[in-house]
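Peer 1: Per this note's numbering, the very first residue in the sequence shown carries number 436; after that it's consecutive.
Glycine included, every Cβ here is placed at the ideal spot set by N, Cα and C.
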Amino acid sequence: MLRSVNVGNRSLSDYHSIISRELMSEIRELAEKLKGKRVCHISATSFGGGVAEIMYCLVPLMNDVGLEADWLVMFGQDEFFNVTKAMHNTLQGDPREITVDEKAIYERYNVLNAGGLTGEYDYVIIHDPQPAAMKAHSQLNGDAKWIWRCHIDVSTPNPDVLDWVMSYVEDYDLSVFHMAEYIPPGNRAPDPVIMPPAIDALAPKNMALSAEDAEYIVNQFGLDTEKPMLLQVSRFDPWKDPLGVIDAYRIVKKKYPDVQLALIGSMATDDPEGVEYYQRTVDHAAGDTDVYILSNLDNVGGVEVNAFQTHADVVLQKSIKEGFGLTVTESLWKGRPTVAGNVGGIPLQILDGETGYLVSSSEEAAARILDILDDPEAAKAMARRGKQHVRHDFLTPRLLRDWLGIFDRLS
436 MLRSVNVGNR SLSDYHSIIS RELMSEIREL AEKLKGKRVC HISATSFGGG VAEIMYCLVP
496 LMNDVGLEAD WLVMFGQDEF FNVTKAMHNT LQGDPREITV DEKAIYERYN VLNAGGLTGE
556 YDYVIIHDPQ PAAMKAHSQL NGDAKWIWRC HIDVSTPNPD VLDWVMSYVE DYDLSVFHMA
616 EYIPPGNRAP DPVIMPPAID ALAPKNMALS AEDAEYIVNQ FGLDTEKPML LQVSRFDPWK
676 DPLGVIDAYR IVKKKYPDVQ LALIGSMATD DPEGVEYYQR TVDHAAGDTD VYILSNLDNV
736 GGVEVNAFQT HADVVLQKSI KEGFGLTVTE SLWKGRPTVA GNVGGIPLQI LDGETGYLVS
796 SSEEAAARIL DILDDPEAAK AMARRGKQHV RHDFLTPRLL RDWLGIFDRL S
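(1) Following the continuous alpha helix (DSSP H) through Phe759, name the residue where it begins and the one where it ends.
(2) Counting beta carbon pairs with one atom in the region 437–445 and one in the region 507–514, are three or more of them shorter than 8 Å?
(3) Which residues share a DSSP beta bridge with Pro627?
(4) How is His562 classed by DSSP in three states: helix, strand or coil?
(5) Which value, in whole angstroms, describes the spacing of the CA atoms of Ile728 and Gly554?
(6) With a Cβ-Cβ cutoff of 8 Å, do Gly528 and Pro592 count as a contact?
(7) Starting from the Cα of Leu458, find the closest Cα among Ser846, Phe842, Arg826 and give me that residue.
(8) Given 8 Å as the limit, is there contact between the region 529–539 and the region 580–597, that is, 3 or more CB pairs closer than that?
(9) Do you know whose CA, among Val559, Leu767, Asp499, lies nearest Pro832's CA?
(10) Specify whether the region 640–656 and the region 615–624 touch according to this definition: at least 3 beta carbon pairs, one from each stretch, less than 8 Å apart.
(11) Please return the same chain residues whose Cβ sits closer than 6 Å to the Cβ of Tyr792, not counting the five positions on each side in sequence.
(12) Tell me whether the beta-carbon of Leu696 lies closer than 8 Å to the beta-carbon of Val726.
(13) For Ala636, collect the residues of the same chain with a Cβ closer than 6 Å to its Cβ; drop the 5 residues on either side in sequence, then sort them by chain order.
(14) Going by DSSP, what residues sit across from Glu474 in a beta bridge?
(15) Start and end of the alpha helix (DSSP H) containing Gly737?
(16) Applying the 10 Å Cβ sphere with the 16-neighbour rule, what's the burial state of Val710?
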């Protein structure tokens with residue numbers, strides 16, 4: 436039942452003008468030792484969210500340097516994704532329990548998908564909790580090394596749900612987390628490794644876009660490109676706090692009455708709550724004609740997101756909980772002044788006052804937005820520092836090197 440994702444082709448040489456010679460040499464040396472190794476990535480969805488975006492670049496780059504890499508996506512129906520969304524929330528601290536019936540649904544779909552995992556692999560990488568039980572039911576050759584790649588913050592989980600998930604993960608060969616702080620309590624994660632994620636600088640969502648082209652695209656969605664624009668790009672999810680973004684916008688609007696707000700999100704197949712929270716966001720905007728709430732259902736794709744980020748006067752990511760926050764990475768890469776929640780992996784990217792601003796409330800967010808609008812030259816200098824920070828630490832070739840290092844370690 437697993438579905439193979441067609442990722443196309445990428446060449447590491449395309450990044451030679453973006454990354455350092457030292458990094459390029461490290462990748463080539465590691466890849467030479469691993470040539471021909473077979474890699475399988477398994478995730479819950481092929482679009483919507485940072486994991487899918489990473490895969491569309493990382494997998495073809497693995498192939499380009501000499502590995503044989505596949506990306507497979509689970510089969511699941513609403514009943515499965517309703518359970519895994521609840522798992523996601525409880526692993527981030529929601530106190531609700533996962534019921535016996537819900538666990539049975541989760542197990543049934545993992546068994547079903549494990550039966551479709553065939554062939555021979557040297558490394559199997561399981562992304563997040565959705566497919567975590569597949570190893571327990573897989574018939575793959577015993578030589579395969581299994582890696583659990585956790586993209587969420589499980590530092591303060593519902594302990595019962597964590598115990599249940601870790602009962603599947605404990606038998607893996609290695610686990611990977613964004614930050615040391617995300618390793619779950621109790622030291623139950625097998626051989627944990629720290630590896631922050633990254634963005635693809637050459638993807639349509641992040642490639643260089645002229646100011647004129649960005650303005651043209653933004654204008655097609657009805658915004659006035661002559662007026663200041665605030666932007667948040669994220670799923671419609673309570674952890675991303677789009678309602679709090681609207682509250683901050685309303686404070687800013689008292690001083691800058693012509694300011695506009697764009698909230699852009701994607702509806703993902705593994706996020707059944709997205710539609711409900713989208714409607715809550717629309718209701719909270721209360722018909723304000725200067726608030727634009729858009730999604731992939733409005734034909735907003737990678738290029739359109741790029742245009743909005745390139746054009747925005749201020750980009751926000753007012754998260755309450757966050758795995759890493761790749762939308763922050765994207766806005767910094769485009770040299771935009773950025774205001775984001777002081778949570779998760781965001782402080783790795785935003786050094787407060789140096790590469791952007793960190794905030795913990797709508798009031799703080801509004802104050803920092805006003806600082807940016809009041810002094811645009813200082814904001815531009817801060818944004819330039821943010822772009823260089825991303826260039827050094829958070830682009831996909833660095834992520835490729837880190838994965839090659841893990842494979843080399845497990846060989």
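Peer 2: A quick look at the data gives this:
(1) In the sequence shown, the residue the question calls residue 759 occupies position 324. No alpha helix (DSSP H) contains Phe759, which DSSP labels as neither H nor E.
(2) yes
(3) The residue labelled residue 627 in the question sits at position 192 within the sequence shown. Answer by DSSP bridge pairing, in chain order: Ser610.
(4) The residue labelled residue 562 in the question sits at position 127 within the sequence shown. Strand.
(5) Here the question's residue 728 lines up with position 293 in the sequence shown. Here the question's residue 554 lines up with position 119 in the sequence shown. The straight-line gap from Cα to Cα measures roughly 44 Å.
(6) Sequence index remark: in the sequence shown, residue 528 carries index 93 (1-based). Sequence index remark: in the sequence shown, residue 592 carries index 157 (1-based). Yes, these two residues count as a Cβ contact at 8 Å.
(7) Start at 1 with the first residue of the sequence shown, and residue 458 comes out as number 23. Looking at the Cα atoms, Arg826 is the closest of the given residues.
(8) yes
(9) In the sequence shown, counting from the first residue as 1, residue 832 sits at position 397. Considering only alpha carbons, the answer is Asp499.
(10) no
(11) As a position in the sequence shown, residue 792 is number 357, starting the count at 1. Result list for Tyr792: Val774, Arg803, in chain order.
(12) In the sequence shown, the residue the question calls residue 696 occupies position 261. In the sequence shown, the residue the question calls residue 726 occupies position 291. In this structure, Val726 lies closer than 8 Å to Leu696 by Cβ.
(13) Here residue 636 is taken as the residue at index 201 of the sequence shown, counted from 1. Ile453, Leu830, listed in sequence order.
(14) By one-based count along the sequence shown, residue 474 stands at place 39. Reading the sequence as shown, one finds Val at residue 474 and not Glu. DSSP lists Ala504, Tyr558 as partners of Val474.
(15) Sequence index remark: in the sequence shown, residue 737 carries index 302 (1-based). 737–746 is the extent of the alpha helix (DSSP H) around Gly737.
(16) Along the sequence shown, one-based indexing puts residue 710 at 275. With fewer than 16 other Cβ atoms within 10 Å, it is exposed.
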